[in-house]
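What follows is a short report on a single structure.
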Amino acid sequence: MKQFFATCPKGLEYLLRDELMSLGAVDVHEALAGVRFSGSLETAYRACLWSRLASRILLPVTEFDAPSDDALYAGVQAIEWPEHLAPHATLAVDANTAQSKLTHSQYLAQRVKDAVVDQFRQRGHARPDVDTEEPDVRINLRLRRDRATVSIDLAGAPLHRRGWRETQGEAPLKENLAAAMLLRADWPAIYAQGGALLDPMCGSGTLLIEGALMAADVAPGLRRDYYGFLGWKQHDIALWRSLLDEANKRAETGLPALRSCFFGSDTDARMVQMAKRNAQEAGVAGFFTLDRHDAQHVRPPSGFAQGLVITNPPYGERLGERESLPKLYRSLGETLRDHFTGWRAAVLAGDAELGRTMTLRAEKKYALYNGALETVLLIFELHPRNETLRERPPLSPGAEMLKNRLEKNVKHLRKRLEREGVHAWRAYDQDLPEYAAAIDVYADTSGSTHLHIQEYRAPADVPAELARMRLREIARVAGEVFDTPRARIAIKTRERGKGGSKYGQFDQRGEFIEVEEGGLTFLVNLYDYLDTGLFLDHRLVRAKVHELAAGKRFLNLFAYTATASVYAAAGGARDTTSVDLSGTYLEWASRNLALNGFTGEKHRLMQADATSFLQRTHERYGLIYVDPPTFSNSKRADDFDVQRDHVKLLLACADRLTHDGVILFSNNFRRFSLDHEALSPHLAIEAWGAGSIPFDFSRRANIHDCWLLRPHAAEEQVNPWENARVKK
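Quick note on numbering: the sequence shown equals residues 7 to 734 in the numbering used here.
The following block contains the structure:
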């Protein structure tokens, strides 16, 4: 079993993860712009041949610290290159660097090449030559935070180069991005149901060709004549030939059965001819109908009552003047709404603003990157006009009051949210007693807004039907104020489970969105649990972790989804250790860390009871973050009560602190009282409750409390905390 890394454009990680699993990969974990996975050499070959989404498949050879030029050279020279490269063979080196002392990627590539070539010379072999186009072995260097990973690039050239493209337009859509658009729009299911595929601005035909090859079960890499492993000394020729034979047989079965359901058009006659030539080279031209006309006059093809309209309209690069684009998008929206009822549409818009000019409500939005340009994929279900515009009954007087209050809150908060770059925040918290709920807003990285509504339990004297009606009004009003469809609104009744646990499960959707906070990205699940994976009221607490973590070893107890560990790592912590009893949340934590590029031995995840961990470990930490539940009665650990047990817990943390260490202690128990008398002989205490509450939680300033605790030895060496002895 070998470890591999598949690279991909940002935004495709989750799709690629699922695709690799379908190809036999195991231990699959998404990371930033790629996916880590394990498998045999056959798994890697199959990924090279069959992945429609990956850019490259890398086989890591070694990993080492490279804070200097000499360290990089020595680390590369330590690899036994004759195991990978014949003396007479050719090589090329790709290098990229981020957040490291060595910053020049071209120079890094040169040093790696020198180290390889020098090793062959020192052993009396011929010097390998350089071939930047199609080398026998392509070496990949990734340097991040002075940690180097050297890999063999099994793809050799980007996998989006399928081998069928003879010509392309001025702004070609990469084939793996086209495949992602088709998969996000669920094209395979639409094809299976008898639907057609139509691109009204087809350009060189990329979307249509990818859609046809997908429907025909043709391996995307079948027409490529070059891969990076073909000249690699460990290449298994027999294995590769068997995979090619299998792919050829599947294509020989799939292509003859393909339906003629692919339609494209473009205003530029040259592009139409280009698309025809590319389709012919790909072997699917006989299934295409390509014409010259503009998108405004496109209509559903005869004989097809359903299908997918998919297109990549211009967004400034090709038309030049952005001022002309809103009219184009608006016209496209009108055409879809008026003539494609019953169809689905997928439009890769230059940005959300252009997408809004289509005057269609998107069911789903996804952030995708077309090269370096961030775009948004909009998915529309084209319902009949009367269904789309049917009138809703007027709001009740109470609901009107709620709407006015919510709009007032949004107006009051908006400027500061934009100024501070806050994308997940509390918009309403039981402002009106009759509407007892909290409304949290999550703007995901694609620009879509999601709402998380937590209804507080109604008093016993409120009839159940009235409570249900008010909850429906809360959802409707919030949806209208934030222009958010019901499909993106999660509603929960906030009641504590048995034993007071806050980790009860509500659903089993497994749906995650990515949310940015403080320049970092986190996975949020709005439906499956009472909490979402990101405690919004702890935003400033996490920022404090970032501030205090530089150069320190960081311990996160009751780590939950390890958002604080991500902040600590981003703040320059030497290493992080995240401890939680739940395997589910540790897996979530692993994904959060990987999503931000924090992986490897420096970022440990420990499934353990926090108290037991403190008793077992002999490590010392410069920063310990403790955010325990109010109560816990897990079968795998002793019962925990934060009021009863916090002294024992914090003193155990103090035993594991460095002399200048800090404990950041927080909890959400409203009636909690810190035992200063028991703790003061051992720790200097700074109450930091008010300063840790974000501005959008000002209506509920007691939502949590927070303290900074330091050993007295540290207190004597630095400026004393002014309020270290002040009791609550």
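No residue lacks a Cβ here, since even glycine has one placed at the ideal position from N, Cα and C.
Keep in mind that this is a model prediction, so the values were computed, not measured.
When we look at the beta-carbon of A253 and count the other beta-carbons within 10 Å, is it buried (16 or more) or exposed? Per the 10 Å Cβ criterion, buried.
What runs of the alpha helix (DSSP H), each 4 residues or longer, lie entirely inside the region 385 to 437? DSSP runs (the alpha helix (DSSP H)) wholly in the region 385 to 437: 391 to 394, 403 to 426.
From R58 to T623, what distance separates their C-alpha atoms? The alpha-carbon separation between R58 and T623 amounts to approximately 46 Å.
Which residue comes first and which comes last in the alpha helix (DSSP H) that contains I63? Per DSSP, I63 belongs to no alpha helix (DSSP H); it is in the beta strand (DSSP E), 62 to 71.
First and last residue of the uninterrupted alpha helix (DSSP H) at K255: That run of the alpha helix (DSSP H) goes 243 to 260.
N602 in three-state terms, based on DSSP: The DSSP-derived three-state label of N602 is coil.
Burial state of A679, where buried means 16 or more other Cβ atoms lie within 10 Å: The displayed chain sequence assigns Ser, not Ala, to residue 679. Within 10 angstroms of the beta-carbon of S679 lie fewer than 16 other beta-carbons, which makes it exposed.
Using C-beta distances below 8 Å, list every residue in its chain close to A185, excluding the 5 sequence neighbours before and after it, in chain order. Counting only residues of its own chain and dropping the five nearest sequence neighbours on each side, A185 has a CB closer than 8 Å to the CB of R58, L59, E216, M220, P226.
S330 classed as buried or exposed, judged by whether at least 16 other C-beta atoms fall within 10 angstroms: A residue is called buried when at least 16 other Cβ atoms come within 10 angstroms of its Cβ; S330 does not meet this threshold and is exposed.
Taking the C-alpha atoms as reference points, what is the distance between Q116 and T103? Straight-line Cα distance between these residues: approximately 14 Å.
For A707, which residues in the same chain have their Cβ closer than 6 Å to its Cβ, ignoring the five residues on either side in sequence? Excluding sequence neighbours, A707 sits near I699.
Taking 7 Å as the limit between beta carbons, can you name the residues of its chain near L657, skipping five residues before and five after? Excluding residues within five positions, the ones whose Cβ falls inside 7 Å are H688.
Alpha helix (DSSP H) runs wholly inside the region 133 to 169, at least 4 long, in chain order: List check, alpha helix (DSSP H) in window: nothing returned.
Note down the Cα distance separating Q279 from L165, rounded to an integer number of angstroms. When rounded, the distance between both Cα atoms is 25 Å.
Alpha carbons only, please: which of G697, R677, L354, A84 is nearest the one belonging to H452? The question names His, but residue 452 is Ser in the sequence shown. Among G697, R677, L354, A84, the Cα nearest to that of S452 belongs to L354.
Using the rule of at least 16 other Cβ atoms within 10 Å of the residue's Cβ for burial, across every protein chain shown, is H299 buried or exposed? Answer is exposed; the Cβ neighbour count stays below 16.
Is P15 closer than 9 Å to L188 when the C-beta atoms are compared? In this structure, P15 does not lie closer than 9 Å to L188 by Cβ.
What span of residues does the beta strand (DSSP E) with S44 cover, start to end? Start and end: 40 to 45.
Should the region 29 to 48 be called in touch with the region 587 to 600, which here means at least 3 C-beta pairs below 8 Å? Yes, the region 29 to 48 touches the region 587 to 600.
If you measure between the beta carbons of A12 and S61, is that distance less than 9 Å? Less than 9 Å divides the Cβ of A12 from the Cβ of S61.
Return the Cβ separation of V382 and L342 in integer angstroms, given the expectation that the two are a contact with Cβ distance under 8 Å. Contact between V382 and L342 does not hold, since their C-beta atoms are separated by about 16 Å, which reaches or exceeds 8 Å.
Look at the alpha carbon of R305 and the alpha carbon of A202, and state the distance between them as a whole number of angstroms. Take the alpha-carbon of R305 and the one of A202: they are about 12 Å apart.
Kindly examine the ligand COA and report whether one of its heavy atoms sits closer than 8 Å to the Cβ of S571. Of ligands this structure carries none, so the ligand COA is not represented either.
Which whole-angstrom value describes the C-beta separation of V551 and L670, a residue pair presumed to lie in contact below a C-beta threshold of 8 Å? That pair is a contact at about 6 Å.
Excluding sequence positions up to five away, which residues of its chain have a Cβ less than 8 Å from the Cβ of R256? Cβ neighbours of R256 within its own chain (closer than 8 Å, five residues either side excluded): D223, V224, A225.
Whole-angstrom distance between A616 and E593, CA atom to CA atom: The straight-line gap from Cα to Cα measures roughly 17 Å.
Sequence-distant residues of its chain with Cβ nearer than 8 Å to A358 (five each side left out): The beta carbon of A358 sits closer than 8 Å to the beta carbons of K371, V382, G453 from its chain, once the five residues preceding and following it are set aside; these are given in chain order.
Beta carbon of R265, beta carbon of F294: below 9 Å? At a Cβ-Cβ threshold of 9 Å, R265 and F294 do not count as neighbours.
Expressed to the nearest angstrom, what Euclidean distance is found between the alpha-carbon atoms of L21 and D124? Rounded to whole angstroms, L21 to D124 spans 41 Å at the Cα level.
Would you mind working out which of E69, S210, D681 sits nearest V744, comparing C-alpha positions? In the structure displayed, the chain extends from 7 to 734; residue 744 sits before or after that span and is not available.
In whole angstroms, give me the CA-to-CA distance for R42 and H90. Between R42 and H90, the C-alpha separation is close to 22 Å.
T623, DSSP secondary structure in three states: When secondary structure is reduced to three states using DSSP, T623 falls in the coil class, being assigned neither helix nor strand.
Can you tell me where the alpha helix (DSSP H) with E738 in it begins and where it stops? Because the chain here runs from 7 to 734, residue 738 falls outside it and cannot be looked at.
Please classify H665 as buried or exposed, where buried requires at least 16 neighbouring CB atoms within 10 angstroms. Counting the other Cβ atoms within 10 Å of the Cβ of H665 gives fewer than 16, which makes it exposed.
For a test of the three-state rule: what should DSSP assign to P465, helix, strand or coil? The three-state reading of DSSP puts P465 in coil, since its state is none of H, G, I, E or B.
According to DSSP, is G510 helix, strand or coil? A caution first: G510 carries a pLDDT of 43, below 50, which makes its placement in the model unreliable, though a value can still be read off. Collapsing the DSSP output to three states places G510 in coil.
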